[in-house]
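Numbering (the UniProt record's numbering), first residue to last: 1 to 211.
Every residue gets a Cβ at the ideal spot worked out from N, C-alpha and C, and that includes glycine.
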């Protein structure tokens, strides 16, 4: 089992996945911890806070029900890009709020940034994990997303909130999500081109062998 874990840890794909979990977890943790405080600071009532949080779950229900279709259609890794962009849109939109009520609409970004994303993470963890380590990899993914990332968010996010205010803090988180979406998207594109090149070479070799 340790040998399988070492082999897994040598793959670039795995480390990019870890960074993805950290980036997404930081955005999610910041929203969960500081989002309500920020909205209260611009005049949100307790009722509006409850409605906005409830709507984020309500928006996601139909997509959770059909999540298998969406993930099969888009792909496990490909869905991570719109998830990162969804977090970027969420954070940047919050940073420009002058009134709290648009937050109810902005919460719809969590359809892709949380609901479909986390289903894809769990399925992807099964795909990349060696035999016998599927449960371990899924547990580690959850710990990175919701525990370690939240610790980072609590310290760094709290510092940004206290020193520079909520608008700057949300823009920093949005920038992180946007930059990593570009980096991860570039990696997926390069990986796709490499696989396509190998497929063409294999087909060419087969043609030469049969001719």
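Residue environment analysis places residue 155 among the exposed positions, since fewer than 16 neighbouring C-beta atoms fall within 10 angstroms of its C-beta. When secondary structure is reduced to three states using DSSP, residue 31 falls in the helix class. Distance between residue 128 and residue 61, taken at the CA atoms: about 27 Å. Residue environment analysis places residue 105 among the exposed positions, since fewer than 16 neighbouring C-beta atoms fall within 10 angstroms of its C-beta. Around the beta carbon of residue 77, 16 or more other beta carbons lie within 10 angstroms, which makes this residue buried. Residue burial annotation: residue 115 is buried, with at least 16 other C-beta atoms found within 10 angstroms of its C-beta. Contact fails between the segment 51-60 and the segment 75-93, because fewer than three Cβ pairs, one in each stretch, are under 8 Å apart.
Put simply, the segment 186-193 does not touch the segment 161-178. Fewer than three CB pairs are less than 8 Å apart.
Counting only residues of its own chain and dropping the five nearest sequence neighbours on each side, residue 180 has a CB closer than 8 Å to the CB of 19, 20, 23, 84. Between the segment 30-43 and the segment 148-162 there are three or more C-beta pairs closer than 8 Å, enough to call the two in contact. The beta carbon of residue 81 is closer than 8 Å to those of 181, 184, 185, 188 in its chain, skipping five residues each way along the sequence.
Note on geometry: alpha-carbon atoms of residue 42 and residue 103 lie some 11 Å from one another.
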